[in-house]
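Undergrad:
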Amino acid sequence: MAQEIRNYTMNFGPQHPAAHGVLRLIMEMDGETIVRVDPHVGLLHRGTEKLAESKPFNQSIGYMDRLDYVSMMCNEHAYVRAIETLLGIEAPERAQYIRTMFDEITRILNHLMWIGSNALDLGAMAVMLYAFREREELMDVYEAVSGARMHATYYRPGGVYRDLPAQMSQYRESPWHKGADLKRINSWREGSMLDFLDAFTADFPSKVDEYEALLTTNRIWKQRTVGIGVVSPELAQQWGMTGVMLRGSGVEWDLRKKQPYAKYAEVDFDIPVGVNGDCYDRYLCRVEEMRQSNRIIRQCVEWLRANPGPVILNDYKVVPPHREVMKESMEALIHHFKLFTEGYCVPAGETYCAVEAPKGEFGCYLVSDGANKPFRVHLRAPGFAHLSSMDTVVRGHMLADVVAMIGTYDLVFGEVDR
Amino acid sequence: MSDTSAKSLADQLVARFGDTLEVSTERNEIIADLAAADLVAVATALRDEPAFRFGELIDLCGIDYLGYGQVEWDTTTVSGSGFSRGVEGQALGRFSWAERPSGDSQPRRFAAVVQLLSIEHNRRLRLRVFCTDDSLPVVPSLTPVWPGVNWFEREAFDLFGIIFEGHPDLRRILTDYGFVGHPFRKDFPLIGNVEVRYDPEQKRVIYEPVSIEPRVLVPRTIRDDADLLQARAEAADKWREN
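In order, the protein sequences belong to chains A and B. With numbering that gives the first Met the number 0 as the guide, the letters of the first sequence map in order to residues 0 to 417. With numbering that gives the first Met the number 0 as the guide, the letters of the second sequence map in order to residues 0 to 241.
And the structure:
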């Protein structure tokens, strides 16, 4: 007797550990094969762009951290650059080097998060533990410079909030850090933040080797990623992919090289590209990017040590004056009051500024009508474009490959949903 | 991108498309305004012709020009009773749904803005299409040209209510299931219309009319660019380096 077998529909998420946040997928399945996927996003929609329209420019920098909350400073960079472009100002050279350095620290932070969680999704528990060991060190750098481990609000139009600390903060004795262990973690933290970064970057390539030892030739890892989620260069361009999603398919495109901003034109680094455009190639690209970021950080550290100087403009119409100056100067006091009660007005006009965020091109389209608040801010999140291609890429794959694909897209719902 | 490449692209666009595009250059960024009817033909040409090769659509977003250039705090005139208090106006955050501003002040409210990228030529271009009818803003869909625009158009539909004609699946994307209204329109209150809470009696999450008051902390104001010029002159001054 012939029996009719129908495809069935399966719900995935929004609360699923492999969904990297709040992704809901409605999948039409033929057995274990995907016939159609309909991703539902927006569960984390906070209306960031609308909120930004209701506040003075500077008050929205903190919102940018909360978009892609694993590559915080890169988001700030795009927004701050857009404001600077409209104001017609440029940050001092030292600030540009600091931004370049922190963009790369952020890239490593992001890729560590990615390698840990992607490996965890595909069954390799240990990588997460290794990756978070180094992530913690870099979070300390974030904290040393801004006071916050993640949501830094460090970049400001005209530069960065303050100069790098002369003393890296140390761990105090506690039930969790004591004895030889305490001595070891504090040994890097004897000097300045740049000394700490110098020690970290000297050591970091060997740490990347450790991740690679766990994954690169791992049979299970290769079975789960090689030939999975192949994206051709044509497909990548049609779907507006950027960053590693594009480079993994062999397109040599990186804004840091092609449309350099900050100090990327002055530092030496290479752009890794993939060949096959599958999950494994993208894995190799990201691992190599960590090594290249490490290289950039080292060059920035060297420059920053040799070249002290201002890190923010001396323009009181945009940048608040120092507190000491305010104690004596009436002008400075007035400027401070105006900046914090009204903000600064940005000349009418519009601009689109993009940075090469760890996930791809993060852009800020800013329209100003000359007011102290933006008229329209639109944030172009790489993850949004990537996820939209989900249906096209995973059709015909197995259910388990969807998880590999979510991992390789490097999704963070803070930026997808905004 | 250098000055010359922006200029040459602007010239190429004028030579190829003539009056169809209204090309302007702002700080090496090229903006081309065009009519909705020409959009798909121009986009196809921009993608395919060797001189342009805009293979990648980076972004599409909606924009609502209602209230462009409006201020709540007038800083230019002063009356016998002093400066304006900055507590009146219709700017964002000051009104609830019942007292939302009417949409008559702006001749053309809605536009869709497209950012294109040519990887081959390393160039960017921005297209802007104004919708002719404010009550029913319609723009042809670009999905046949760049399939990746799909979600961006859904987003602009969801947030601004712009209809993309020919879009295969124009559903809401970012807002809640069953959401009413288009929240990024300038006449949509910042506080929203509804709030949710868990009702222990009904044992489910319920929707209620929003209970918070609209509030603005910093009034919207426009000051002259002259301030910035003055600031630059002051920055060059020695007195502040104390």
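Positions of the beta carbon are idealized from the N, C-alpha and C atoms, including for glycine. Predicted model, so just to flag it, every value in this text is computed and none were measured.
If we count Cβ pairs, one from each stretch, closer than 8 Å, do we get three or more for the stretch 260-276 of chain A versus the stretch 366-373 of chain A?
TA: no
Undergrad: Whole angstroms are fine: how far does the CA of residue 140/B sit from the CA of residue 59/B?
TA: Sequence index remark: in the second sequence, residue 59/B carries index 60 (1-based). Sequence index remark: in the second sequence, residue 140/B carries index 141 (1-based). Taking the straight line from one Cα to the other gives about 11 Å.
Undergrad: Name the DSSP bridge partner or partners of residue 361/A?
TA: The residue labelled residue 361/A in the question sits at position 362 within the first sequence. According to DSSP, residue 361/A bridges with 354/A.
Undergrad: Nearest to residue 138/B by CA position, among 120/B, 150/B, 160/B, 117/B, is which residue?
TA: Here the question's residue 138/B lines up with position 139 in the second sequence. Checked all of 120/B, 150/B, 160/B, 117/B; the closest Cα to residue 138/B is 160/B.
Undergrad: Contact defined as beta carbons within less than 8 Å: I believe residue 355/A pairs with residue 280/A. What is the distance between those atoms, to the nearest angstrom?
TA: Numbered from its first residue, the first sequence carries residue 355/A at position 356. Numbered from its first residue, the first sequence carries residue 280/A at position 281. That pair is no contact at about 18 Å.
Undergrad: Which of the residues in the stretch 366-378 of chain A, read from start to end, lie with their CB under 8 Å from any CB of chain B?
TA: 366, 368, 369, 370, 371, 372, 374, 375, 377
Undergrad: Would you tell me roughly how many angstroms separate the C-alpha atoms of residue 123/A and residue 220/A, rounded to the nearest one?
TA: As a first step, residue 123/A is located in the first sequence; it is residue number 124 there, counting from the start. As a first step, residue 220/A is located in the first sequence; it is residue number 221 there, counting from the start. Each residue's alpha carbon lies about 8 Å from the other.
Undergrad: Under the rule that 16 or more other beta-carbon atoms within 10 Å means buried, what is residue 187/A, buried or exposed?
TA: Taking the first residue of the first sequence as 1, we reach residue 187/A at position 188. Counting Cβ neighbours within 10 Å, residue 187/A comes out buried, since at least 16 surround it.
Undergrad: For residue 109/B, decide whether its Cβ has a neighbour in chain A, counting only Cβ atoms nearer than 8 Å.
TA: Stepping through the second sequence from its first residue, residue 109/B is reached at position 110. Cβ-Cβ to chain A under 8 Å: no for residue 109/B.
Undergrad: Please confirm whether residue 55/B has its beta-carbon closer than 8 Å to some beta-carbon of chain A.
TA: The residue given as residue 55/B occupies position 56 in the second sequence. Residue 55/B counts as touching chain A.
Undergrad: List, in chain order, every chain B residue whose beta-carbon is nearer than 7 Å to that of residue 360/A.
TA: Counting from 1 along the first sequence, the entry for residue 360/A is found at position 361. The answer, in chain order, is 57.
Undergrad: Given this structure, state the Cα-to-Cα distance separating residue 39/B from residue 45/B, to the nearest angstrom.
TA: Here the question's residue 39/B lines up with position 40 in the second sequence. Here the question's residue 45/B lines up with position 46 in the second sequence. In a straight line, the C-alpha of residue 39/B is about 10 Å away from that of residue 45/B.
Undergrad: Run through chain B and tell me which residues come within less than 8 Å of residue 8/A, C-beta to C-beta.
TA: Within the first sequence, numbered from 1, the residue matching residue 8/A stands at position 9. By Cβ distance, chain B contributes nothing, its closest Cβ being about 16 Å from residue 8/A, past 8 Å.
Undergrad: Look up residue 65/B in the DSSP assignment and say whether it is helix, strand or coil.
TA: Working through the second sequence from its first residue, we reach residue 65/B at position 66. Looking at residue 65/B - three-state DSSP - the assignment turns out to be coil, as it is neither helix nor strand.
Undergrad: Can you tell me whether DSSP reads residue 416/A as helix, strand or coil?
TA: Translated into positions along the first sequence, residue 416/A becomes position 417. DSSP places residue 416/A in helix when its eight states are reduced to three.
Undergrad: In whole angstroms, give me the CA-to-CA distance for residue 113/B and residue 190/B.
TA: Indexing the second sequence from 1 puts residue 113/B at position 114. Indexing the second sequence from 1 puts residue 190/B at position 191. Each residue's Cα considered, the two are about 29 Å apart.
Undergrad: What are the boundary residues of the beta strand (DSSP E) that includes residue 39/A?
TA: On the first sequence, residue 39/A is found 40 positions in, with the first residue counted as 1. Residue 39/A -> beta strand (DSSP E) spans 32-39.
Undergrad: In the stretch 382-408 of chain A, which residues sit with their C-beta less than 8 Å from some C-beta in chain B, listed in chain order?
TA: 383, 384, 386, 387, 388, 391
Undergrad: Establish whether the CB of residue 62/B and some CB of chain A are separated by less than 8 Å.
TA: The residue given as residue 62/B occupies position 63 in the second sequence. Interface residue, yes.
Undergrad: Would you identify the three-state DSSP class for residue 58/B, choosing helix, strand or coil?
TA: In the second sequence, the residue the question calls residue 58/B occupies position 59. Residue 58/B falls in the strand class under three-state DSSP.
Undergrad: So does the stretch 134-142 of chain A actually touch the stretch 206-217 of chain A, counting three or more Cβ pairs closer than 8 Å?
TA: The stretch 134-142 of chain A is not in contact with the stretch 206-217 of chain A.
Undergrad: Rounded to the nearest angstrom, what separates residue 240/B and residue 301/A at their Cα positions?
TA: Here the question's residue 240/B lines up with position 241 in the second sequence. Here the question's residue 301/A lines up with position 302 in the first sequence. Bear in mind that the predicted position of residue 240/B carries a pLDDT of just 49, short of 50, making it unreliable; the figure below should be weighed with that in mind. Between residue 240/B and residue 301/A, the C-alpha separation is close to 28 Å.
Undergrad: Helix, strand or coil for residue 186/A, going by three-state DSSP, please let me know.
TA: As a position in the first sequence, residue 186/A is number 187, starting the count at 1. Residue 186/A: helix per DSSP, three-state reduction.
Undergrad: Can you give me the Cβ contacts of residue 215/B inside the same chain, cut-off strictly under 6 Å, excluding the 5 residues immediately before and after it?
TA: On the second sequence, residue 215/B is found 216 positions in, with the first residue counted as 1. Answer for residue 215/B: 92, 93, listed in chain order.
Undergrad: So which of 35/B, 154/B, 33/B, 10/B has the shortest CA-CA distance to residue 168/B?
TA: Here residue 168/B is taken as the residue at index 169 of the second sequence, counted from 1. Measuring from the Cα of residue 168/B, the nearest candidate turns out to be 154/B.
Undergrad: Less than 8 Å between C-beta atoms, sequence neighbours within five positions excluded: which residues of the same chain meet that for residue 196/B?
TA: As a first step, residue 196/B is located in the second sequence; it is residue number 197 there, counting from the start. Closer than 8 Å at the Cβ level, and outside the excluded window around residue 196/B, lie 204, 205, 207.
Undergrad: Using a Cβ-Cβ cutoff of 9 Å, what residues of the stretch 53-71 of chain A are near chain B? List them in chain order.
TA: 53, 54, 55, 58
Undergrad: Kindly say whether residue 157/A, judged by its beta-carbon, lies nearer than 8 Å to any beta-carbon of chain B.
TA: For the purposes of this step, residue 157/A is identified with residue 158 of the first sequence, where counting begins at 1. So, not an interface residue.
Undergrad: Give me the Cα-Cα distance between residue 41/B and residue 120/B, rounded to the nearest whole angstrom.
TA: Here residue 41/B corresponds to residue number 42 of the second sequence, with the count starting at 1. Here residue 120/B corresponds to residue number 121 of the second sequence, with the count starting at 1. The straight-line gap separating the alpha-carbon atoms of residue 41/B and residue 120/B is approximately 18 Å.
Undergrad: Residues of chain A with CB under 7 Å from residue 146/B, in chain order?
TA: Locating residue 146/B in the second sequence gives position 147, counting from the first residue. What residue 146/B touches in chain A: 237, 238.
Undergrad: How is the alpha helix (DSSP H) around residue 29/A delimited, first residue to last?
TA: Counting from one through the first sequence, the residue named residue 29/A turns up at place 30. Residue 29/A: not part of any alpha helix (DSSP H); member of the beta strand (DSSP E) spanning 23-29, first to last residue.
Undergrad: At a CB-CB cut-off below 8 Å, which residues of chain A make contact with residue 174/B?
TA: As a working note, residue 174/B is residue 175 in the second sequence. Simply 41, 44.
Undergrad: Suppose you measure from the CA of residue 96/A to the CA of residue 71/A; what does that come to, to the nearest Å?
TA: Position 97 of the first sequence, counting from 1, holds the residue named residue 96/A. Position 72 of the first sequence, counting from 1, holds the residue named residue 71/A. Straight-line Cα distance between these residues: approximately 17 Å.
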